[in-house]
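Working notes, beginning with the structure itself.
Number of protein chains: 2
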Amino acid sequence: MTGTPRQRAREQTLADITRIGRDHLARDGAAALSLRAVARDLGVVSSAVYRYVASRDELLTLLVVTCYTELGDAVDAALADTDPDDPVARLRALGHAVRDWALAEPASYALLFGSPVPGYRAPAERTTGPGTRVVTALVRIIDEAHRSGKIVAPQQVPISDAVRADARRIREELDLTLPDGVLARGVLVWSALFGAVGFEVFGQYGVDTFADPRALFDHHLTVLAQTVGLVG
Amino acid sequence: MTGTPRQRAREQTLADITRIGRDHLARDGAAALSLRAVARDLGVVSSAVYRYVASRDELLTLLVVTCYTELGDAVDAALADTDPDDPVARLRALGHAVRDWALAEPASYALLFGSPVPGYRAPAERTTGPGTRVVTALVRIIDEAHRSGKIVAPQQVPISDAVRADARRIREELDLTLPDGVLARGVLVWSALFGAVGFEVFGQYGVDTFADPRALFDHHLTVLAQTVGLVG
DNA sequence: TCGATGGGGAGAGCGGTGCTCTCGCTTTGA
DNA sequence: TCAAAGCGAGAGCACCGCTCTCCCCATCGA
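Residue numbers (full-length UniProt numbering), protein chains in the order written: chain B, 1 to 232; chain A, 1 to 232.
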């Protein structure tokens, strides 16, 4: 209850627009998101919406931030329920949280991790923060496991100087202890995780190829934990 | 030079429409593909295009088939240049072929492996054939390696009965020799491969995170080859 | 208390979209 | 030769993003 009545009304309307946009996103997908349809549901003429949102792209940005935040919250909540000293369990919880959210909100997942919406470029200054929560959580799980000796050095593979330099920078920026090889494998685990989720959400497996996709994904998580050298 | 002049003209026009559609796809993305814009480039009024293509969705399907075929051809060409007895080299060639094609044709990659276009569902009877060429090639590489003893049994992880049943069916359908565990890991390698490519194409890594993405991808391929138990 | 300011909704309008329909012209094939 | 079929043009419908003007009225300073 802060600000003038007019300010509060404005915030309320903006929240309504975001909520209705979220509904339309879930129903029709990001590329079909229509400011005019949002205005109709809001009970207002289309030009009125432009008092609150500069353009369709800005509404998309609002939704991107909302979705990243929701996914990040879902992952954090899942991790809060796990044993802090069991990195494998935490990795599994993170993976299933991402998958569960993606299957519950496929259009939102598509907005964040699918094809870019034509003509729309998410502004980095507003989306990188909430957009990096999952990968940050993932890398922290691996790093904490490494600090407490729960990572066995994986089989050595050649790593180029460029990748080593990137790894060094990432290690410093995020204050990590992971050696280059584990960090590089962590990036693989990250993209593999979203690759598996994306295949399922986007229907790449086909309709009846796997009877229990969750079990398949769970298997993948086990293998990915091995890949990065995690032990119970 | 078969058929009546009218038939040949029709085929030519249809080919022109597909070509122009492909250009627009590369420039603006699938969701922005416009039949009217294609008609303009074709030098014809929009309704005339409907003599050749029933709807925008059918044009999308034409493009999906074209793109799958192109990707499949690219993979086949890359594999033709490798030693048939070196499964690791073949896996790497397949991976780089997919990545190279995806980076060269990001919008086409997005059409095939990104978010579904709103309101559009690819008809399975026309797209599953060309759409399964890559995964078929991948699984054949692994199976041939297994037949010639170039796969070491990976560390055992629990596999659910449902996944084992699916593995058995896939093994029979594709006439494979792979045990359940290797087949399941092959599926992981498949989705991980496209996950890594998708992250790069869709900009999930951020702009300056990795100076040499190809080197990172190459590292991933090495690890993925290990994951499935491939040895030199 | 009065009046200027400015927020905000309504409406018209522009150029774009997918798609349908009708109207003619032309090619085809019996 | 002549009906049938193919095909392009054009008008039209309902939708889209976005801009502009008009006008009401809540807000705020004098």
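From the three backbone atoms N, C-alpha and C, an ideal C-beta is built for every residue, glycine too.
CA-to-CA distance, residue j to residue i, given in whole angstroms
{"i": "R99 of chain B", "j": "V163 of chain A", "result": "18 Å"}
{"i": "V139 of chain A", "j": "F202 of chain A", "result": "26 Å"}
{"i": "G181 of chain B", "j": "Q155 of chain B", "result": "9 Å"}
{"i": "G129 of chain B", "j": "I141 of chain B", "result": "19 Å"}
{"i": "S46 of chain B", "j": "W101 of chain A", "result": "41 Å"}
{"i": "L103 of chain A", "j": "T4 of chain B", "result": "51 Å"}
{"i": "S55 of chain B", "j": "A89 of chain A", "result": "49 Å"}
{"i": "G114 of chain A", "j": "T209 of chain B", "result": "20 Å"}
{"i": "R6 of chain A", "j": "I17 of chain A", "result": "16 Å"}
{"i": "D212 of chain B", "j": "A165 of chain A", "result": "10 Å"}
{"i": "E58 of chain A", "j": "R121 of chain A", "result": "10 Å"}
{"i": "E200 of chain B", "j": "L176 of chain A", "result": "23 Å"}
{"i": "R19 of chain A", "j": "L63 of chain A", "result": "9 Å"}
{"i": "E105 of chain A", "j": "L111 of chain A", "result": "10 Å"}
{"i": "T2 of chain A", "j": "A48 of chain A", "result": "24 Å"}
{"i": "R40 of chain B", "j": "R10 of chain B", "result": "18 Å"}
{"i": "R169 of chain B", "j": "D73 of chain A", "result": "39 Å"}
{"i": "A26 of chain A", "j": "L33 of chain A", "result": "10 Å"}
{"i": "T150 of chain A", "j": "L71 of chain A", "result": "Looking at the sequence itself, residue 150 of chain A is Lys, so the reference to Thr does not match. Their backbone Cα atoms lie some 27 Å apart in a straight line."}
{"i": "E172 of chain B", "j": "V207 of chain A", "result": "18 Å"}
{"i": "T82 of chain A", "j": "V157 of chain B", "result": "21 Å"}
{"i": "L35 of chain A", "j": "R8 of chain B", "result": "45 Å"}
Residue i vs residue j beta-carbon contact at 7 Å
{"i": "V38 of chain A", "j": "G21 of chain A", "result": "yes"}
{"i": "P84 of chain B", "j": "L230 of chain B", "result": "no"}
{"i": "L216 of chain A", "j": "R92 of chain A", "result": "no"}
{"i": "T61 of chain B", "j": "R147 of chain B", "result": "no"}
{"i": "G195 of chain A", "j": "S191 of chain B", "result": "yes"}
{"i": "residue 236 of chain A", "j": "P118 of chain B", "result": "Residue numbering for chain A in the displayed model covers 1 to 232; residue 236 of chain A lies beyond these limits and cannot be assessed."}
{"i": "Y52 of chain A", "j": "L14 of chain A", "result": "yes"}
{"i": "I159 of chain B", "j": "H219 of chain A", "result": "yes"}
{"i": "Y205 of chain B", "j": "G131 of chain B", "result": "no"}
{"i": "V75 of chain B", "j": "V135 of chain B", "result": "no"}
{"i": "L224 of chain A", "j": "V189 of chain A", "result": "yes"}
{"i": "L193 of chain B", "j": "G95 of chain B", "result": "yes"}
Under 7 Å from the C-beta of residue i: neighbouring residues of chain B
{"i": "R185 of chain A", "result": "V223"}
Beta-bridge pairing of residue i - partner residues as DSSP gives them
{"i": "L230 of chain A", "result": "A:I151"}
Reference residue i, options the options, closest by Cα
{"i": "D161 of chain B", "options": "B:V207, B:P106, B:T132 and B:A184", "result": "B:A184"}
{"i": "V152 of chain B", "options": "B:L94, B:S55, B:G195 and B:V228", "result": "B:V228"}
{"i": "L178 of chain B", "options": "B:R169, B:Q204, B:D143 and B:D57", "result": "B:D143"}
{"i": "A80 of chain B", "options": "B:A137, B:A26, B:R27 and B:S34", "result": "B:A137"}
{"i": "A167 of chain A", "options": "A:D28, A:G186 and A:Q12", "result": "A:G186"}
{"i": "D28 of chain A", "options": "B:K150, B:P116 and B:R27", "result": "B:P116"}
{"i": "L42 of chain B", "options": "B:Q12, B:G149 and B:I170", "result": "B:Q12"}
{"i": "A145 of chain A", "options": "A:A26, A:S34, A:L33 and A:Q226", "result": "A:Q226"}
{"i": "P123 of chain B", "options": "B:R214, B:R8, B:V65 and B:R36", "result": "B:V65"}
{"i": "R214 of chain A", "options": "A:A97, A:E172 and A:R171", "result": "A:A97"}
Partner residues on chain A for residue i, Cβ-Cβ distance less than 9 Å
{"i": "A110 of chain B", "result": "G114, S115 and P116"}
{"i": "L176 of chain B", "result": "Residues of chain A passing the Cβ test: none, with the nearest at roughly 14 Å."}
{"i": "residue 233 of chain B", "result": "Missing from the structure shown is residue 233 of chain B; chain B here goes from 1 to 232 and no further."}
{"i": "G29 of chain B", "result": "A31, S115, P116, V117, P118 and G119"}
Interface residues of chain A facing residue i [CB-CB closer than 7 Å]
{"i": "V163 of chain B", "result": "D212, A215, L216 and H219"}
{"i": "D81 of chain B", "result": "Those do not exist, as D81 of chain B stays about 22 Å from chain A at its closest Cβ, beyond 7 Å."}
{"i": "S148 of chain B", "result": "Here the premise fails: no neighbours, minimum Cβ distance about 22 Å."}
Chain B contact residues for residue i, given Cβ-Cβ distances below 8 Å
{"i": "L188 of chain A", "result": "A192, A196, H219, H220, V223 and L224"}
{"i": "D57 of chain A", "result": "Going along chain B, no residue has its Cβ under 8 Å from D57 of chain A, so there is no contact; the nearest lies around 13 Å."}
{"i": "D16 of chain A", "result": "Per Cβ cutoff of 8 Å: no residues; D16 of chain A is ~23 Å from chain B at best."}
{"i": "T209 of chain A", "result": "D166 and I170"}
{"i": "Q204 of chain A", "result": "F113, S191 and F194"}
Within chain A, the residues that residue i reaches when beta carbons sit closer than 8 Å
{"i": "V157 of chain B", "result": "H219, T222, V223 and Q226"}
{"i": "S46 of chain B", "result": "Within 8 Å Cβ-Cβ: nothing; S46 of chain B doesn't reach chain A, min ~20 Å."}
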